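Here the structure is laid out as structure tokens; the discussion comes afterwards.
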Amino acid sequence: MTIVVIGAGGHGHVVTDILHATAAAGEPVECGGCVDDHLSSSGAGPVLGPVSALPRLRHDAVVVAIGDNETRASVSSRLQTAGEHLAIARHPTAIVAIDVRIGEGTMICAGAIVCAGVRLGRGVILNTGSIVDHHSMIGDFAHIAPGVRLGGEVWIGERAFIGIGATVLPRITIGAGAVVGAGAVVTRDVPPGVTVAGVPARVLKPAQKVTARPQSKMPHCDQGHAVTLVTPTRPCVLCQKDKLQRVGVTPQ
Ligand SMILES: CC(C)(COP(=O)(O)OP(=O)(O)OC[C@H]1O[C@@H](n2cnc3c(N)ncnc32)[C@H](O)[C@@H]1OP(=O)(O)O)[C@@H](O)C(=O)NCCC(=O)NCCS
Numbered sequence: 022m023t024i025v026v027i028g029a030g031g032h033g034h035v036v037t038d039i040l041h042a043t044a045a046a047g048e049p050v051e052c053g054g055c056v057d058d059h060l061s062s063s064g065a066g067p068v069l070g071p072v073s074a075l076p077r078l079r080h081d082a083v084v085v086a087i088g089d090n091e092t093r094a095s096v097s098s099r100l101q102t103a104g105e106h107l108a109i110a111r112h113p114t115a116i117v118a119i120d121v122r123i124g125e126g127t128m129i130c131a132g133a134i135v136c137a138g139v140r141l142g143r144g145v146i147l148n149t150g151s152i153v154d155h156h157s158m159i160g161d162f163a164h165i166a167p168g169v170r171l172g173g174e175v176w177i178g179e180r181a182f183i184g185i186g187a188t189v190l191p192r193i194t195i196g197a198g199a200v201v202g203a204g205a206v207v208t209r210d211v212p213p214g215v216t217v218a219g220v221p222a223r224v225l226k227p228a229q230k231v232t233a234r235p236q237s238k239m240p241h242c243d244q245g246h247a248v249t250l251v252t253p254t255r256p257c258v259l260c261q262k263d264k265l266q267r268v269g270v271t272p273q
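For any residue, its number in the working numbering is found by taking its place in the sequence shown, counting from 1, and adding 21.
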């Protein structure tokens, strides 16, 4: 399978390396190069052209290697509408439990560890050396930065960003579009759109507007939210109004 990397920035270089490492490990994967609307070269080599050049390039699938969650989501949606297939990029040194479900377009970087029962949405970035413990759920287009540690049964909402080296205690819910600062230790649920930082994590910025979510093939609740709970005994992370009210924030 020939895969073209969308985005030639730092993350594009990382994903290019994942594809080369996957091929070197004997998998039937070939990196077809990078396309980018703004850059003419990347650390991985010359850029083949803008994204609009894709139809002229020989390829079977793409990986959208753009670190910013909103941009990755919108570019992925546009490309899927145009008929592109989003591949999963998984570094051979990542340890992924056998029953983990991985959404299309998700990237699992070198040294990441994903434990049993985890569900990863579409277009997720599990960056270098991050750890996702058992039965956690990562929503579509969330970004888990290098060295993050998520305890068991943690739920990360769509397009949330968890900064370098942060720790999230077991059974914590991080709302859609929330930001967790580098090095934070999250001991309480974080409402959608809120930025927290520090040890223990405290609110740094109030809720930002959380944009509409794309359709997802992940399991979803009866409201259509893609980030559902791992077990039927817990309600949807986005609809669990009681929980949000407990942390003093008006539910969306
Ligand atoms: C939390 C974060 C998003 C805030 O960014 P910001 O909105 O630009 O905030 P500022 O830099 O203006 O900082 C605001 C205040 O928060 C403090 N602060 C910022 N980040 C912090 C952090 N991670 N932990 C503790 N305090 C932090 C600043 O020192 C500053 O305090 P002050 O007002 O007393 O001077 C950002 O600092 C961060 O941690 N980003 C993660 C980066 C990362 O992991 N990238 C991974 C790429 S793969």
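Just so it is clear, CB atoms sit at the ideal spot from N, CA and C, and this is done for glycine as well.
These numbers were taken from a predicted model, which means no experiment stands behind them.
From the DSSP secondary-structure annotation, give me the bridge partner or partners of residue i.
i	result
ALA110	MET128
SER141	Before going on, a small fix: residue 141 reads as Leu here, not Ser. LEU141 is bridged to ILE123, ILE159.
HIS32	DSSP output for HIS32 lists no bridge partner at all.
VAL175	Note: VAL175 sits in no beta bridge, so no partner.
VAL218	For the record, residue 218 in the displayed sequence is Ala; it is not Val. Per DSSP, ARG223.
ILE183	ILE165, VAL201
THR188	ARG170, VAL206
Just to check my reading of the structure: residue i and residue j have Cβ atoms closer than 8 Å, yes? What is that Cβ distance to the nearest angstrom?
i	j	result
ALA181	ALA197	6 Å
VAL56	ILE27	6 Å
VAL207	VAL215	Actually they are not in contact, since the Cβ atoms of VAL207 and VAL215 sit about 11 Å apart, beyond 8 Å.
VAL201	ALA187	5 Å
ALA82	HIS32	Not a contact, Cβ separation roughly 17 Å.
ILE185	ASP210	Their Cβ separation, rounded to whole angstroms, is 21 Å, which puts ILE185 and ASP210 out of contact at 8 Å.
GLY124	VAL96	No, GLY124 and VAL96 are not in contact; Cβ-Cβ is about 16 Å, not under 8 Å.
GLY172	ASP161	That belief does not hold up - the Cβ atoms of GLY172 and ASP161 are roughly 21 Å apart, past 8 Å.
ALA205	ALA222	4 Å
PRO195	ILE177	A small correction: the amino acid at residue 195 is Ile; Pro does not occupy that position in the sequence shown. ILE195 to ILE177, Cβ: 5 Å. Contact.
GLY138	HIS156	4 Å
ALA115	CYS136	Not quite, the Cβ-Cβ distance comes to about 12 Å (not below 8 Å), so this is no contact.
Does DSSP put residue i in a helix, a strand or coil?
i	result
ILE146	strand
MET239	Residue confidence is low: MET239 scores 40 on pLDDT, short of 50, so the model does not pin down where it sits. Its coordinate-derived value is still stated next. Coil at MET239, not helix or strand.
THR37	helix
THR194	strand
ALA247	At ALA247 the pLDDT is 44, less than 50, meaning the model places this residue with poor confidence; the figure from the coordinates comes in the next sentence. Coil at ALA247, not helix or strand.
GLN229	coil
THR271	Any reading at THR271 must be qualified, since the residue scores a pLDDT of 31, below 50, and its modelled position is unreliable; no value is offered.
THR252	Only weak support exists for where THR252 lies, its pLDDT of 38 falling under 50; the coordinates are left without a value.
VAL117	strand
PRO213	coil
Taking CB distances under 9 Å as the criterion, tell me whether residue i reaches chain D.
i	result
GLY104	This model lacks chain D altogether, as it is built from one protein chain only.
Counting by C-beta, which residues lie closer than 7 Å to a heavy atom of ligand 1, in chain order? Having a Cβ closer than 7 Å to some heavy atom of ligand 1 are GLY88, ASN148, ALA166, PRO167, GLY184, ILE185, VAL200, GLY202, ALA203, GLY204, ALA205, THR216, ALA218, GLY219, LEU225, LYS226.
Where in the stretch 43 to 102 do unbroken runs of the beta strand (DSSP E), each at least 3 residues long, occur, reported from the N-terminal end onward? Here the runs fully enclosed are 51 to 56, 82 to 85.
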